[in-house]
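Novice: Encoded as structure tokens, here's the structure I'll be asking about.
In full-length UniProt numbering, the protein residues as written are 1 to 483.
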């Protein structure tokens, strides 16, 4: 009878392994890695020895419903559990053997199911939990830098928001941007070495204010085209000179930088205001306010103050005022530009309470420029009763076309009235002035009225301008003849 029972249990155990039937006596019934049934046959409960291994053990005697198999179950367990692993925890040996006629009472097993314990990271000799993703080894993090920000590529388009931060932009594209009235396109916090590229047409809203429409500051910057900046000057021009108008593009503390390849048109007022800048090149630009002819005023091309080493080359300027206006600066180059429709290439108006960096032009070379349809060709004008210094200026191989006055030197500029007073009382020294090679056409060759006590060392040669009139030459250095 015992053997029959054992065989029956063995068959039940094998079948259960396939069909997920209840697990027989002492069979594995759960744990990590285990994929079979977790239900024991009637009278047995699943007990865990570890998180990986368990067995179906007899339940309490009171719960067996008088099952006759509770007495001889020791022999059954030895023959029926065909899939029991060799690592099975040993069962407690009964106090009587199976050959004893008198049945003995089996030990009462625990009836509480052991709960699965949480997985703990352990040394590599411990069997891993295959249901848990292996943790990745921690990677060494680089030391964060507080001095070198991450630079990115950026684009400004649509409507500009005042105060937009572009400090992280290594390459900034400004594409068809609309800048609201009264707002400055602020490019003063660019990283060293940043590149700014204008594309499309960027427009600026109209308002009576002093601007600037754009402000640039930085070192080793590249500001490129081919875009267009439109100041919508037609809104301002009919209102005359008495209203406040915005400067277009101010460079303040720009160093070792280059601007090239874009167009500025319809300037409301002065185009470039360049101050406190060093070793910077402006080349290949077009400044165009032709649409303002007959209306636009004070549309200077390039105004310079307190700079050193600024070069302005190969630009085309169509305007209604000075192409270049030097209030002060040192070591400046203005070369191979075309100036059309304005007041010529000028130093001044210049003068101050004392001679200092704000009232000094020292080291200006003006060469190989074309001056077309201008009121003046080459001009120096200083302010009455004020002091300053203009020295080491060279005009070399410039060409005039249809200019009213070829060479203009005045010490009688009245800044308050905005014109010549006829009384040359300026105390600004004008010395070491060279004109070498001046050709083309003009109405008058000279318009000179200077204070003879402050002028010296003028060297003029190679002047071959076809003129209608010689013009007037008064107060020049005594050793210079106006022929």
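Every residue gets a Cβ at the ideal spot worked out from N, C-alpha and C, and that includes glycine.
#1: Could you name each continuous beta strand (DSSP E) segment of 3 residues or more that falls completely within the stretch 238 to 297, going from the start of the chain to the end?
#2: Quick one: what's residue 418 bridged to in DSSP?
#3: Can you name, in chain order, every residue of its own chain whose Cβ lies under 6 Å from the Cβ of residue 290, other than the five neighbours on each side?
#4: If residue 196 and residue 162 are in contact, beta carbons under 8 Å, what's the gap, nearest whole angstrom?
#5: Quick check on residue 357: does DSSP put it in helix, strand or coil?
#6: Across the stretch 258 to 267 and the stretch 284 to 300, are there enough close Cβ pairs to call them in contact, namely three or more that are closer than 8 Å?
#7: If you drop the 5 nearest sequence neighbours on each side, which residues of the same chain put their C-beta closer than 6 Å to that of residue 429?
#8: Using a Cβ-Cβ cutoff of less than 6 Å, which residues in the same chain neighbour residue 456 once the five nearest sequence positions on both sides are dropped?
#9: Got a sec, what are the start and stop residues for the beta strand (DSSP E) residue 459 sits in?
#10: Judging by CA-CA distance, which residue of 309, 404, 231 is the nearest neighbour of residue 343?
#11: Tell me whether the beta-carbon of residue 237 lies closer than 8 Å to the beta-carbon of residue 295.
#12: Where does the unbroken beta strand (DSSP E) through residue 378 begin, and where does it stop?
#13: Beta-carbon separation of residue 215 and residue 188 under 8 Å?
#14: Alpha carbon to alpha carbon, how far is residue 301 from residue 448? Give it in angstroms, no decimals.
#15: Quick one: give me the first and last residue of the beta strand (DSSP E) that residue 324 is part of.
#16: By how many angstroms is the C-alpha of residue 406 removed from the C-alpha of residue 470?
#17: What's the gap between the Cα of residue 56 and the Cα of residue 24?
#18: Determine the extent of the beta strand (DSSP E) in which residue 231 is found, giving its start and end residues.
#19: Determine the closest residue to residue 397 out of 360, 325, 378, 223, with distance taken between C-alpha atoms.
#20: Please go through the same chain and pick out, in chain order, the residues whose beta-carbon is closer than 7 Å to the beta-carbon of residue 209, but skip the five residues on each side of it.
#21: Comparing alpha-carbon positions, which option in 419, 354, 474 lies nearest residue 450?
#22: CB residue 200 to CB residue 175, shorter than 8 Å?
#23: For the candidate residues 467, 459, 213, whose alpha-carbon lies nearest to that of residue 481?
#24: Among all the DSSP beta bridges, which residues are the ones paired with residue 186?
#25: Relative to the C-alpha of residue 192, which candidate in 151, 158, 207 has its C-alpha closest?
#26: Name the two residues that bound the continuous beta strand (DSSP E) containing residue 153.
#27: Whose CA, out of 391, 307, 263, lies closest to the CA of residue 280?
#28: Distance check for residue 293 and residue 461, CA to CA, integer angstroms please.
#29: Can you find the residues in the same chain that come closer than 6 Å, C-beta to C-beta, to residue 115, ignoring five residues on each side of it along the sequence?
#30: Buried or exposed: residue 327, going by 16 or more other Cβ atoms within 10 Å of its Cβ?
#31: Exposed or buried, residue 178, counting other C-beta atoms within 10 Å across all chains shown (16 or more means buried)?
#32: Taking residue 380 and residue 348 to be in contact with their CB atoms under 8 Å, please state how far apart those CB atoms are, rounded to whole angstroms.
#33: With a CB to CB cut of under 6 Å and the five nearest residues on each side skipped, what residues in its chain are close to residue 304?
Specialist: In brief:
#1: 249 to 255, 258 to 260, 263 to 265, 272 to 275, 281 to 283, 286 to 288
#2: In the DSSP output, where bridge partners are listed per residue, residue 418 has none listed.
#3: For residue 290, the CB contacts under 6 Å within the same chain, skipping 5 residues up- and downstream, are 318 in chain order.
#4: That belief does not hold up - the Cβ atoms of residue 196 and residue 162 are roughly 18 Å apart, past 8 Å.
#5: helix
#6: yes
#7: 389, 454
#8: 431, 477
#9: First-last of the beta strand (DSSP E) with residue 459: 455 to 474.
#10: 404
#11: yes
#12: In the DSSP assignment, residue 378 falls within the beta strand (DSSP E) that extends over 376 to 383.
#13: In this structure, residue 215 places its C-beta atom within 8 Å of the C-beta atom of residue 188.
#14: 24 Å
#15: 324 to 326
#16: 10 Å
#17: 7 Å
#18: That residue, residue 231, is in no beta strand (DSSP E); it is neither H nor E in DSSP.
#19: 378
#20: 182, 244, 246
#21: 474
#22: yes
#23: 459
#24: 215
#25: 151
#26: Annotation for residue 153: the continuous beta strand (DSSP E) segment containing it runs 152 to 159.
#27: Here the closest residue by C-alpha is 307.
#28: Approximately 34 Å, taken between the alpha carbons.
#29: Because residue 115 carries a pLDDT of 37, less than 50, the predicted location of this residue cannot be relied on, and no value is offered for it.
#30: Its Cβ being crowded by 16 or more others within 10 Å, residue 327 is buried.
#31: exposed
#32: 6 Å
#33: Once the five neighbours on either side are set aside, the close Cβ partners of residue 304 are 274, 326, 329.
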